[in-house]
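Trainee: I am attaching a structure below and will ask some questions about it afterwards.
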DNA sequence: GTGTGTATCAACCAGAAGGTTGATACCGAG
DNA sequence: CTCGGTATCAACCTTCTGGTTGATACACAC
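Residue numbers (the working numbering), protein chains in the order written: chain A, 783 to 1018; chain B, 783 to 1018.
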């Protein structure tokens, strides 16, 4: 798909630390772990917070390979941003599966919330927040907060990246199901051209361009040409 | 010549939105307001969340000038990051001072938490979270969460200052020696805002914005707002 | 104190852009 | 063949933008 594999943006290592600080500071986890995803889609750069070194070692050595919610599960699952263990794994499975029976439960963990960060739809980092059995259950409200935190982390991450503008353009046009002609108009609008010039470029009348623009405005919910350009170059 | 005191970072306008979403999504404010600080140290670009328009208008017209915790108080106070109204203002003062007696209290506000973002020690943005009288008091725990959120927002802000996008903005503005106000206009133009909105954001008249635009057009050799945006993010 | 640069605003005009209605023509799916 | 989507264009009107002129006010520099 891409000519070059996605490389971590500079500062992702620091970024990971800051995210951990944010999540553990705002949400009520008893312990936490995070990792980056390398080009082979393997988790690396583990960082932990109040997580017993023995537990971490045990995970890496024995249980990682049978983890039903291993990060690799979510590499291609583009919708997964914030997930909750107890929503994905039935209580039956948690009772019988060795991963939960012999690892998660003995370490006093009641539930796990996991957040995923992506760049160009590729998973680059994950954060696992552990809820201990002594803590109250995770409410929908807590999950919403986690989603808000995730949204900002994702925004912050994207801010630091150079997103290829081609992708932005394609995404914009596909999102709103623009027709081929409408795409061409968007392309020329994004060059900052006035309607008259666009019309002559596409060998049609000014009226036609205006109609196309009306359709584009209607489909995209945008109100002006200027707004189109800003939509294309700013991630919202 | 004046580039030293210009610190307005590109993308701050969007950043402000995201911060508001984060704060209001994670903390339990009943309403919120935020603003950017221009180089005259005045708050501009107000954005509100569940705040009554009438209350905001009242503040701008009558109470801003007697606000004991007006942002200008914190412009030079480098240590202030997260402050709580009830910690800074005695209950006596809250009882007698017209700002609290005639404005804060009548609008049902019990307390305010304010967060400040800085670049190079200079205040660039502020966020005020209003706690209503129906809500529980702010605990130390809540304040710590606010501090964690602040820490990440500050980190994220600093990250955006070294991005290619920001550099392009800086390069564009420096190349053509735009003045601080002109830079702000460029920033808002690049968000796709119509002149009327830009004027209200910078609280000046439409005429002033047009004049600024004329100067920008003259200096940069550009002919329209749309072209500015495409120039900013397209190298050609 | 005069001058230069910045920021502010008003009035005016022409032209561009946005919004609406309506119309024609082509094409492909049902 | 009819219907829906696309592409085309015209006429009309309102609002916004761009361009100009001119003016005031406040800095800071020389």
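Cβ coordinates follow ideal geometry from the N, Cα and C atoms, glycine included.
Closest Cβ-Cβ distance between residue 1012 of chain A and chain B: below 8 Å?
Mentor: Here the question's residue 1012 of chain A lines up with position 230 in the first chain. It does: the Cβ of residue 1012 of chain A has a partner Cβ on chain B nearer than 8 Å.
Trainee: Under 8 Å Cβ-Cβ, which residues of chain A neighbour residue 804 of chain B?
Mentor: For the purposes of this step, residue 804 of chain B is taken as residue 22 along the second chain, with counting starting at 1. Those are 930, 931, 933 and 934, listed as they occur along chain A.
Trainee: DSSP has residue 979 of chain B in a bridge; who is on the other side?
Mentor: As a first step, residue 979 of chain B must be located in the second chain, where it is residue number 197. In the DSSP output, where bridge partners are listed per residue, residue 979 of chain B has none listed.
Trainee: Please state whether the Cβ-Cβ distance between residue 899 of chain A and residue 891 of chain A is less than 8 Å.
Mentor: As a first step, residue 899 of chain A is located in the first chain; it is residue number 117 there, counting from the start. As a first step, residue 891 of chain A is located in the first chain; it is residue number 109 there, counting from the start. Cβ atoms of residue 899 of chain A and residue 891 of chain A: not closer than 8 Å.
Trainee: With 8 Å set as the bound, which would you pick, yes or no: does the beta-carbon of residue 976 of chain B sit closer than that to a beta-carbon of chain A?
Mentor: The residue labelled residue 976 of chain B in the question sits at position 194 within the second chain. Yes - at least one Cβ of chain A is within 8 Å of the one on residue 976 of chain B.
Trainee: Are residue 864 of chain B and residue 928 of chain B close, meaning C-beta to C-beta below 8 Å?
Mentor: Numbered from its first residue, the second chain carries residue 864 of chain B at position 82. Numbered from its first residue, the second chain carries residue 928 of chain B at position 146. Taking 8 Å as the Cβ cut-off, residue 864 of chain B and residue 928 of chain B qualify as a contacting pair.
Trainee: Taking C-alpha atoms, which residue in B:805, B:849 and B:1013 lies nearest to residue 947 of chain B?
Mentor: Counting from one through the second chain, the residue named residue 947 of chain B turns up at place 165. The shortest C-alpha separation from residue 947 of chain B is found at B:1013.
Trainee: Using a Cβ cut-off of 7 Å, pull out every chain A residue sitting near residue 800 of chain B, in sequence order please.
Mentor: Your numbering for residue 800 of chain B matches position 18 in the second chain. Under the 7 Å cutoff, chain A gives 934 and 937.
Trainee: Which chain A residues are close to residue 983 of chain B, counting only those with a beta carbon under 8 Å from its beta carbon?
Mentor: Position 201 of the second chain, counted from the first residue, corresponds to residue 983 of chain B. Correct list: empty, because the minimum Cβ distance to chain A is about 14 Å.
Trainee: With respect to the alpha helix (DSSP H) encompassing residue 1003 of chain A, which residues constitute its N-terminal and C-terminal limits?
Mentor: Residue mapping note: residue 1003 of chain A aligns to position 221 of the first chain, counting from 1. No alpha helix (DSSP H) contains residue 1003 of chain A, which DSSP labels as neither H nor E.
Trainee: Could you list the residues in the segment 938–952 of chain B with a C-beta less than 7 Å from some C-beta on chain A, going in chain order?
Mentor: 938, 941, 942, 945 and 946
Trainee: Quick one: is residue 839 of chain A buried, meaning 16 or more other Cβ sit within 10 Å of its Cβ, or exposed?
Mentor: The sequence position of residue 839 of chain A within the first chain is 57, counting from 1. Exposed is the call here.
Trainee: What is the DSSP secondary structure of residue 918 of chain B, reduced to helix, strand or coil?
Mentor: Start at 1 with the first residue of the second chain, and residue 918 of chain B comes out as number 136. Note: residue 918 of chain B maps to coil in three-state DSSP.
Trainee: Sort out for me which residues DSSP pairs residue 912 of chain B with in a bridge.
Mentor: Residue numbering aside, residue 912 of chain B sits at position 130 when the second chain is read from its first letter. DSSP output for residue 912 of chain B lists B:813 and B:894 as bridge partner(s).
Trainee: With a 10 Å radius around its C-beta and 16 neighbouring C-beta atoms as the bar for buried, classify residue 878 of chain A as buried or exposed.
Mentor: Looking up residue 878 of chain A in the first chain gives position 96. Residue 878 of chain A is exposed by the Cβ-count criterion.
Trainee: DSSP three-state label for residue 971 of chain B, please.
Mentor: Indexing the second chain from 1 puts residue 971 of chain B at position 189. Note: residue 971 of chain B maps to helix in three-state DSSP.
Trainee: With a threshold of 8 Å, are at least 3 pairs of Cβ atoms found where one atom belongs to the segment 931–943 of chain A and the other to the segment 963–973 of chain A?
Mentor: no
Trainee: To the nearest angstrom, how far is the alpha carbon of residue 837 of chain A from that of residue 888 of chain A?
Mentor: Here residue 837 of chain A is taken as the residue at index 55 of the first chain, counted from 1. Here residue 888 of chain A is taken as the residue at index 106 of the first chain, counted from 1. Residue 837 of chain A and residue 888 of chain A: Cα-Cα distance of roughly 10 Å.
Trainee: Is the CB of residue 1009 of chain A under 8 Å away from at least one CB in chain B?
Mentor: Here residue 1009 of chain A is taken as the residue at index 227 of the first chain, counted from 1. By this cut-off, residue 1009 of chain A is an interface position.
Trainee: Comparing the C-beta of residue 812 of chain A with each C-beta of chain B, is any distance below 8 Å?
Mentor: Counting from one through the first chain, the residue named residue 812 of chain A turns up at place 30. When Cβ-Cβ separations below 8 Å define contact, residue 812 of chain A makes no contact with chain B.
Trainee: In whole angstroms, what separates the C-alpha of residue 944 of chain B from that of residue 817 of chain A?
Mentor: On the second chain, position 162 is the one that residue 944 of chain B refers to. On the first chain, position 35 is the one that residue 817 of chain A refers to. Straight-line Cα distance between these residues: approximately 24 Å.
Trainee: Between residue 833 of chain B and residue 851 of chain B, is the Cβ-Cβ spacing less than 8 Å?
Mentor: By 1-based counting over the second chain, the position of residue 833 of chain B is 51. By 1-based counting over the second chain, the position of residue 851 of chain B is 69. Not closer than 8 Å, so no.
Trainee: So, using beta-carbon positions, are residue 931 of chain B and residue 808 of chain B closer together than 8 Å?
Mentor: Here the question's residue 931 of chain B lines up with position 149 in the second chain. Here the question's residue 808 of chain B lines up with position 26 in the second chain. It is a contact, given that the beta carbons lie within the stated cut-off.
Trainee: So, is the C-beta of residue 808 of chain A closer than 8 Å to a C-beta in chain B?
Mentor: Here residue 808 of chain A refers to the residue found at position 26 of the first chain. Flagged as an interface residue toward chain B: residue 808 of chain A, by a C-beta distance shorter than 8 Å.
Trainee: Hey, residue 848 of chain B and residue 880 of chain B: beta-carbon distance below 8 Å or not?
Mentor: As a first step, residue 848 of chain B must be located in the second chain, where it is residue number 66. As a first step, residue 880 of chain B must be located in the second chain, where it is residue number 98. Cβ atoms of residue 848 of chain B and residue 880 of chain B: closer than 8 Å.
Trainee: Just to confirm, are residue 977 of chain B and residue 988 of chain B a CB contact at a threshold of 8 Å?
Mentor: For the purposes of this step, residue 977 of chain B is taken as residue 195 along the second chain, with counting starting at 1. For the purposes of this step, residue 988 of chain B is taken as residue 206 along the second chain, with counting starting at 1. Cβ distance < 8 Å, so residue 977 of chain B and residue 988 of chain B count as in contact.
Trainee: Give me the Cα-Cα distance between residue 1019 of chain A and residue 910 of chain A, rounded to the nearest whole angstrom.
Mentor: Past the boundaries of the shown model lies residue 1019 of chain A; chain A is included only from 783 to 1018, so the question cannot be answered.
Trainee: Can you name, in chain order, every residue of its own chain whose Cβ lies under 6 Å from the Cβ of residue 998 of chain A, other than the five neighbours on each side?
Mentor: As a first step, residue 998 of chain A must be located in the first chain, where it is residue number 216. So the qualifying residues of the chain are 964.
Trainee: Where does residue 808 of chain B sit, in a helix, a strand or coil, going by DSSP?
Mentor: For this step, residue 808 of chain B is matched to residue 26 along the second chain. Looking at residue 808 of chain B - three-state DSSP - the assignment turns out to be helix.
Trainee: Under 7 Å Cβ to Cβ from residue 845 of chain B, same chain only, skipping five residues before and after it: list those, please.
Mentor: Position 63 of the second chain holds residue 845 of chain B. Excluding residues within five positions, the ones whose Cβ falls inside 7 Å are 881 and 885.
Trainee: So the candidates are A:904, A:933 and A:1008; which of them puts its Cα closest to the Cα of residue 822 of chain A?
Mentor: On the first chain, residue 822 of chain A is found 40 positions in, with the first residue counted as 1. Ranked by how close their Cα comes to the Cα of residue 822 of chain A, the residues A:904, A:933 and A:1008 have A:904 in first place.
Trainee: Ignore the nearest five residues each way along the sequence and tell me which others in residue 857 of chain B's own chain have a CB closer than 8 Å to its CB.
Mentor: As a first step, residue 857 of chain B must be located in the second chain, where it is residue number 75. Here the set comprises 819, 823, 904 and 905.
Trainee: For residue 979 of chain B, count the other beta carbons within 10 Å of its own beta carbon; 16 or more makes it buried, fewer makes it exposed. Which is it?
Mentor: Here residue 979 of chain B refers to the residue found at position 197 when the second chain is read from its first residue. Exposed, because fewer than 16 other Cβ atoms sit within 10 Å of the Cβ of residue 979 of chain B.
Trainee: I'd like the list of long-range same chain contacts for residue 829 of chain A, defined as Cβ closer than 8 Å, with 5 residues on each side in sequence excluded.
Mentor: As a position in the first chain, residue 829 of chain A is number 47, starting the count at 1. Taken in chain order, the residues that qualify are 798, 799, 802, 815, 816 and 817.
Trainee: Going by DSSP, what residue range makes up the beta strand (DSSP E) through residue 888 of chain B?
Mentor: On the second chain, residue 888 of chain B is found 106 positions in, with the first residue counted as 1. It is not in any beta strand (DSSP E) - residue 888 of chain B carries neither H nor E in the DSSP assignment.
Trainee: Could you tell me which chain B residues have their CB closer than 7 Å to the CB of residue 1015 of chain A, listed as they occur along the chain?
Mentor: Position 233 of the first chain, counted from the start, is the residue given in the question as residue 1015 of chain A. The answer, in chain order, is 1011 and 1015.
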